[in-house]
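There are 2 protein chains.
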Amino acid sequence: MTDTAPRPTLEAVAARAGVSRATVSRVVNGGDGVRDILVERVRKAVEELGYVPNQAARSLVTRRHDAIAVVVAEPETRVFADPFFALQLRGISKELTAHDNQLVLLLTEGRDDHTRVGRYLAGGHVDGALVFSLHLDDPLPQLIQRAGVPTVFGGRPGWSGDRRGVLYVDSDNRGGARDAVRHLAGLGRTRIAHITGALDQTSAVDRLDGYRDVMVDADPRLIAEADFTPAGGERAMRELLGRCPDLDAVFAANDLTAAGALRVLREAGRRVPDDVAVIGFDDMLPVAEQTDPPLTTVRQDIEEMGRLMARLLLRGLDRGAPQEGVGGAPSSVVLPTTLVRRASA
Amino acid sequence: MTDTAPRPTLEAVAARAGVSRATVSRVVNGGDGVRDILVERVRKAVEELGYVPNQAARSLVTRRHDAIAVVVAEPETRVFADPFFALQLRGISKELTAHDNQLVLLLTEGRDDHTRVGRYLAGGHVDGALVFSLHLDDPLPQLIQRAGVPTVFGGRPGWSGDRRGVLYVDSDNRGGARDAVRHLAGLGRTRIAHITGALDQTSAVDRLDGYRDVMVDADPRLIAEADFTPAGGERAMRELLGRCPDLDAVFAANDLTAAGALRVLREAGRRVPDDVAVIGFDDMLPVAEQTDPPLTTVRQDIEEMGRLMARLLLRGLDRGAPQEGVGGAPSSVVLPTTLVRRASA
DNA sequence: TTGAAAGCGCTAACAA
DNA sequence: TTGTTAGCGCTTTCAA
């Protein structure tokens, strides 16, 4: 682990190029209003000295950091058990990189961490924040709001407070759920059950709402609560089978849950999709393609969600891509979902 | 998206507490050599004003950033198809947080990104780097080495260059593979096949070496090359079945591959574990527990790897936990693995 | 034990 | 078009 050699400063470059610091600064920041000959000379000096601007010094005066915090508030391990998180991150990273912004990752584990994150955000280290916090009772969103940092949420935040100016990017969970249930109905199924996700998350609530939109007069016993996990799916499926042995279809809140349900159905001797059709949500490939039979599911474009979050934030900061289409303030985005047909329904 | 209110400076705190800036600075940084009465006064002023130090100004003079870059160089999407990455990140984040360091995430996509990352690292934005780069031909490690940033690698880096002072944290891939194959042999299996991982990654090479350690005179036709994916596992398993119909066990380079193999075996009418015993690697729960039958596999403690990487780096920077045990320079770490028995072997 | 003062490396008025 | 100069907010000698 070598020590870093002392890096050349603007001063050094200026000396070498035979110009003032101001001129070097101008060239380094785009070179507008500087004669071509000088631009050339400065560029050469920069090159020769291997000059890289000191970001701390720059931030001190510009009050910009070109850095965005990504806050992942996930007390549970669920986020880490599926590629969801990584995919969003990738989308975010791509967009930030394209606009020369750094990504500062803040993972929080429980309440104690909240104050730490709040302090950090309030500390003006970053220009904005992208926040994943999908739990209804989570204090984090408000905390961040108070820190006065421009923020975009991943998924509709489930707070009851002031919603004005709250920006988020979400999938059309409700619409996707409707599509899934309609597809099952189109298959001629009439006893369509739903296994919910963790109902303290807006995505789970929205998917349940979508189910209800279609199954207006659904037998309430056809709904079983779970938590997005395979184990939860198994438990819920057993419950359902006990309560409603005549069910002929299941819409599960996500693929993991559907995988659990599939296993229980097989154990119970029900054939899928002949006896019971099953649909999941997410289109999490390693799961959806590996189940037996492969899972029909509702796909959401996770990476695109990430990219959009970053774009929205950057735009709000007056950087990033110029507004496409009509101008005006950026607003929340809800991305469409698509039904992916495989063998299970 | 509200604008940030102008934050109070040291100056303001000093004025309010009726002391000099220097004194406030001392208090904020631990308060050594300042009378208790003054410490008290300053703390109060800090509190009342909601003062948070400006990190840019501080870095400018201290040349410290309390920030560590995590570089994930993964041209393929594989990293994102399993929770491996997220778990390491979690371990890293925990350790960094415990020592008040920020995590700057740099995701690279292909070669073009390398120069960007190199520039960033050389730019002195961070105090050190944790790098995941497991491909044999990857230029990134050398690039980083040249940038002169203290670095710890995740997984043994597969370069042929100067290895002096290269620090890494890895699992005992070779030992774990040996355990797996020995376990199969202990089950009385004699025709034990191996499906490799992507052989441009050291982990795959090491696991293959472990297999060979035990199967000294193995029929070379018992080895089929794959790439850590389920599809690769299927392909390799078909190959193997064609070449060596008499095989009675398979050690797959990871769980995903094993899952693919399992499916092909079932299609081929081979019972697992009765006809063919199968072992994977990773203990990736959502996969290993969901396969049919559940997968016997070699577990590595991913999160701990991440934590250790961070600890090693921090220690090299003379921060972090005081050296446990004997002193001296930190050195690379290879973590043990454990065999987890389930139904497949 | 405290304060005064000199920068850290850069940008951004303002003059020239 | 270029240079001069005054800070940005902080830490850190050096004196007192």
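Chain order of the listed sequences is A and B. Okay, so the first sequence: first residue is 393 according to the numbering used here, each after it adds one. Okay, so the second sequence: first residue is 393 according to the numbering used here, each after it adds one. Glycine is no exception: its CB is placed at the ideal position from the N, C-alpha and C atoms.
Can you find a C-beta in chain A that's less than 9 Å from the C-beta of residue i?
i	result
GLY567 of chain B	no
GLN534 of chain B	no
GLY442 of chain B	yes
ARG734 of chain B	no
ASN493 of chain B	no
VAL670 of chain B	no
ARG345 of chain B	No statement about residue 345 of chain B is possible, as the shown extent of chain B runs from 393 to 737 and does not include it.
ALA448 of chain B	yes
ASP684 of chain B	yes
VAL606 of chain B	no
ARG691 of chain B	no
SER525 of chain B	no
LEU481 of chain B	yes
PRO549 of chain B	no
From what residue to what residue does the beta strand (DSSP E) around residue i run?
i	result
HIS586 of chain B	584-587
THR748 of chain B	The question about residue 748 of chain B has no answer here: the residues shown for chain B are numbered 393 through 737.
VAL690 of chain B	688-691
VAL725 of chain A	725-727
ALA521 of chain A	520-524
SER736 of chain A	Note, SER736 of chain A: premise wrong, no beta strand (DSSP E); not H, not E.
ALA650 of chain B	Not the beta strand (DSSP E): ALA650 of chain B falls in the alpha helix (DSSP H), residues 647-659.
PHE545 of chain A	543-546
PHE673 of chain B	669-674
Establish whether the CB of residue i and some CB of chain B are separated by less than 9 Å.
i	result
PRO637 of chain A	no
GLU681 of chain A	yes
THR489 of chain A	yes
ASP752 of chain A	This structure cannot settle anything about residue 752 of chain A, because the visible part of chain A is limited to 393 through 737.
SER451 of chain A	yes
GLY515 of chain A	yes
ALA618 of chain A	no
HIS457 of chain A	yes
ALA702 of chain A	no
PHE477 of chain A	yes
SER723 of chain A	no
VAL462 of chain A	yes
LYS486 of chain A	yes
Please name the residue, chosen from the options, that lies closest to residue i on a Cα-to-Cα basis.
i	options	result
ARG599 of chain A	A:VAL518, A:LEU532, A:ASP693 and A:ILE587	A:ILE587
ARG711 of chain A	A:ALA459, A:ALA735, A:LEU687 and A:GLY546	A:ALA459
THR689 of chain A	A:PRO475, A:ASP504, A:ALA572 and A:GLY547	A:ALA572
ASP530 of chain B	B:GLY550, B:GLU659 and B:LEU513	B:GLY550
LYS436 of chain A	A:ALA448, A:VAL416 and A:THR454	A:VAL416
ARG503 of chain A	A:GLY602, A:PRO533 and A:ASN493	A:PRO533
GLN593 of chain B	B:MET607, B:GLU659 and B:PHE620	B:PHE620
ASP609 of chain A	A:GLY423, A:THR582, A:ALA596 and A:THR683	A:THR582
GLY442 of chain B	B:VAL419, B:GLU487 and B:VAL405	B:VAL405
TYR603 of chain B	B:ILE584, B:PRO728, B:VAL561 and B:ARG613	B:ILE584
VAL726 of chain A	A:GLY567, A:PRO612, A:ALA596 and A:LEU513	A:GLY567
VAL524 of chain A	A:ALA539, A:LEU481 and A:ALA618	With the sequence shown as reference, residue 524 of chain A is identified as Phe, and Val is not the correct amino acid for it. Among A:ALA539, A:LEU481 and A:ALA618, the Cα nearest to that of PHE524 of chain A belongs to A:LEU481.
GLU440 of chain B	B:ALA407, B:ALA721, B:ASP424 and B:GLY540	B:ALA407
VAL463 of chain B	B:ARG456, B:ARG663 and B:ILE484	B:ILE484
PHE673 of chain A	A:ARG658, A:ASP424 and A:ASP693	A:ASP693
LEU498 of chain B	B:LEU559, B:LEU522 and B:VAL444	B:LEU522
ARG613 of chain A	A:SER595, A:GLN537, A:GLY422 and A:ASP638	A:ASP638
ALA577 of chain B	B:ARG413, B:GLU403 and B:ALA737	B:ALA737
ASP564 of chain B	B:ALA414, B:ARG691 and B:ARG733	B:ARG691
PHE476 of chain A	A:GLU617, A:ARG658 and A:MET676	A:MET676
VAL506 of chain A	A:LEU495, A:ALA465 and A:ARG658	A small correction: the amino acid at residue 506 of chain A is His; Val does not occupy that position in the sequence shown. Minimum Cα distance to HIS506 of chain A is reached at A:ALA465.
Tell me which residue opens and which closes the alpha helix (DSSP H) that residue i is part of.
i	result
THR594 of chain A	594-606
GLY578 of chain B	565-578
VAL462 of chain B	Taken as a continuous stretch (DSSP letters only), VAL462 of chain B belongs to no alpha helix (DSSP H), being part of the beta strand (DSSP E) at 459-465.
Can residue i be considered in contact with the ligand NAP, in the sense that its beta carbon sits closer than 8 Å to one or more heavy atoms?
i	result
HIS491 of chain B	Within the structure as shown, the ligand NAP is missing, as the structure has no ligands at all.
> What are the residues of the segment 628-657 of chain B that lie near chain A, defined by any Cβ-Cβ distance shorter than 9 Å?
Replying inline: So the close ones are LEU648, ALA651, GLY652 and ARG655.
> Does the segment 632-646 of chain B come within contact of the segment 696-705 of chain A, defined as at least 3 CB pairs closer than 8 Å?
Replying inline: Judged by Cβ distances under 8 Å, the segment 632-646 of chain B makes no contact with the segment 696-705 of chain A, as fewer than three pairs qualify.
> At a Cβ cut of 8 Å, what residues of the segment 496-512 of chain B count as close to chain A, listed as they run along the chain?
Replying inline: Cβ contacts with chain A come from VAL496, LEU497, LEU498, LEU499, GLU501, ASP505, ARG508, ARG511 and TYR512.
>> Contact between the segment 648-657 of chain B and the segment 611-629 of chain B is defined here as three or more beta-carbon pairs at a separation below 8 Å; is this criterion met?
In response: The answer is yes - the segment 611-629 of chain B touches the segment 648-657 of chain B, with three or more Cβ pairs under 8 Å.
>> For the segment 426-440 of chain B against the segment 423-437 of chain A, do three or more pairs of beta-carbon atoms, one drawn from each stretch, fall closer than 8 Å, so that the two count as touching?
In response: Too few Cβ pairs lie closer than 8 Å, so no.
> Touch check for the segment 481-492 of chain B and the segment 440-455 of chain B: three-plus C-beta pairs under 8 Å?
Replying inline: With the rule of 3 Cβ pairs closer than 8 Å, the segment 481-492 of chain B does not count as touching the segment 440-455 of chain B.
> What are the residues of the segment 589-600 of chain A that lie near chain B, defined by any Cβ-Cβ distance shorter than 9 Å?
Replying inline: Within the segment 589-600 of chain A, no residue places its CB atom closer than 9 Å to a CB of chain B.
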